[in-house]
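Heads up, the thing below is written out as structure tokens.
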Amino acid sequence: MQTPSTGKARWQGILLALVTVIIWSGNYVVAKGIATQIPPVSIAFYRWSLATLCIFPLALRQLPQVLFLLKHHKRYLFFTAVTGITIFNTLIYLAGHYTSAINLALIGTTAAPVFITVLSVIFLREKAGPYRVAGMTICLGGILFLLCGGDWHKLAVLHFGKGDLLMLISAFSFSVYSILVKKQPRGIPPAAFLFTVFACGTVMLLPFYLREISSSPAVQWQPHLLLTIVYLGIGNSVIGFFGWNVAIERLGASTTSLFANLIPVFSTLEAVIFLGEAFTIIHLLSGLIIVAGVLLANKKYGKQKSIAVSTNRN
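To convert a position in the sequence shown, counted from 1, into my numbering, add 456.
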């Protein structure tokens, strides 16, 4: 496996991170459209069940060879599954019932990179140099500019309710998952790793799913709902998580997390294309600000930092 210190590995990580956030940006647009048609835990359960089934053939030959490693690292795999699968997206779908879209985007896209950077410095000994700090600050400014529509006074009316707190927990959960992925045990192939994490996370969702369907109206399945689950299960889950995990290996957890700041930009473009929403100068300016922040945060990628990260692998 290439190390983050090589130029080729760095550009591979950047490309994978970009593709992943483009895929993930549709999660908010699509899931919001079916929020009243499928309950939140059910969306998560169907999504991860499909993802587990899809990745099983890829992992089938690998699992017997690494069964001992999986058992040895069962505690690590449990927490990775809980944070990345059971909690993260489920709380996004749940929070959408209690808070506004602007709060969802604000908390989800700004809290996670901050959490990841802090956790990376503490647990992975990654160095948060001046370029990374400045880039993260610029990204935050661009997202705030987008969410307040260019009017900074609107930020004063934001408040944190039940949904906002759920999103904070979701962002922190994803941050812990990203740190855990960076500490992935050696010897476990990517397909076997993701299958195990997906399967464990789905099993832990099962009791909540059964409780939800026992107290909710039956889902009226239609073609667009099935296509949505396919998109979430294969695109957002299998392809997205493969790309994100490899990007973390190439770039480091905190640097990769900065690309998540591009999600509201891509979500805006998707809303224009698929929902017919207006594209304004605010969208253009905020997008340029966020892209500039991501580029600045990636400017300093020295060998010293890469060595510090790689020596902390299990």
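Every residue gets a Cβ at the ideal spot worked out from N, C-alpha and C, and that includes glycine.
Is residue i buried or exposed, if buried means 16 or more other CB atoms sit within 10 Å of its CB?
i	result
Trp608	exposed
Ile578	exposed
Ala734	exposed
Gly482	buried
Gln640	buried
Lys755	exposed
Pro569	buried
Ile470	buried
His680	exposed
Val574	exposed
His739	buried
Ala515	buried
His553	exposed
Ser672	exposed
Trp677	exposed
Phe524	exposed
His730	At residue 730 the sequence reads Phe, which differs from the His that was named. Result: exposed.
Thr546	buried
Thr736	exposed
Ala507	buried
Pro586	exposed
Gly429	A question about residue 429 goes unanswered here, because the residues of the chain that appear run from 457 up to 770.
Phe501	buried
Lys638	buried
Pro720	buried
Phe535	exposed
Ser631	buried
Thr593	exposed
Ala674	exposed
Trp467	exposed
Arg517	exposed
Ala655	buried
Val613	exposed
Ser762	With a pLDDT of 39 at Ser762, under the threshold of 50, the modelled position of this residue cannot be trusted, and the question is left open.
Leu682	exposed
Leu752	buried
Val694	buried
Val486	buried
Thr492	exposed
Leu744	exposed
Arg667	exposed
Gly606	exposed
Arg588	buried
Tell me whether residue i sits in a helix, a strand or coil according to DSSP, three-state version.
i	result
Gln468	helix
Leu474	helix
Phe571	helix
Trp504	helix
Leu516	coil
Ile511	helix
Ala648	helix
Gln521	helix
Ser631	helix
Lys488	helix
Pro641	coil
Ala674	coil
Gly689	helix
Thr712	helix
Thr565	helix
Ile719	helix
Arg581	coil
Pro495	coil
Thr462	coil
Val765	Because the pLDDT at Val765 is just 33, under 50, the model does not fix this residue reliably, and the value given afterwards should be weighed accordingly. Helix, per DSSP.
What is the C-beta distance between residue i and residue j, in whole angstroms, given that I count them as a contact (C-beta under 8 Å)?
i	j	result
Val624	Ala473	Residue identity differs from the one stated: residue 624 is Leu in this sequence, not Val. Between Ala473 and Leu624 the Cβ distance is about 23 Å, and since that is not below 8 Å, they are no contact.
Ala627	Phe571	6 Å
Thr658	Trp504	4 Å
Ala716	Val477	6 Å
Leu714	Val750	5 Å
Gly598	Ser723	So it is not a contact: roughly 14 Å between Cβ atoms.
Ala647	Ile479	Contact flag wrong, Cβ pair sits at about 18 Å.
Ile669	Ser498	6 Å
Tyr532	Leu636	7 Å
Ile550	Pro513	The sequence shown places Leu at residue 550, not Ile. Not a contact, Cβ separation roughly 31 Å.
Phe601	Leu650	The Cβ separation is near 36 Å, so there is no contact.
Phe544	Ser634	That pair is no contact at about 10 Å.
Practice task
With a floor of 4 residues, list each alpha helix (DSSP H) that falls wholly inside the stretch 583-620, ordered by position along the chain.
Solution key: Correct list: 586-603.
Exercise for the section: Would you list, in sequence order, the uninterrupted alpha helix (DSSP H) runs of no fewer than 4 residues that lie entirely inside the stretch 723-759? Expected result: For the stretch 723-759, the continuous alpha helix (DSSP H) assignments of 4+ residues that do not extend past its boundaries occur at 737-753, in sequence order.
Practice task
Could you pull out every unbroken beta strand (DSSP E) segment of at least 3 residues lying fully inside the stretch 528-559, listed in chain order?
Solution key: none
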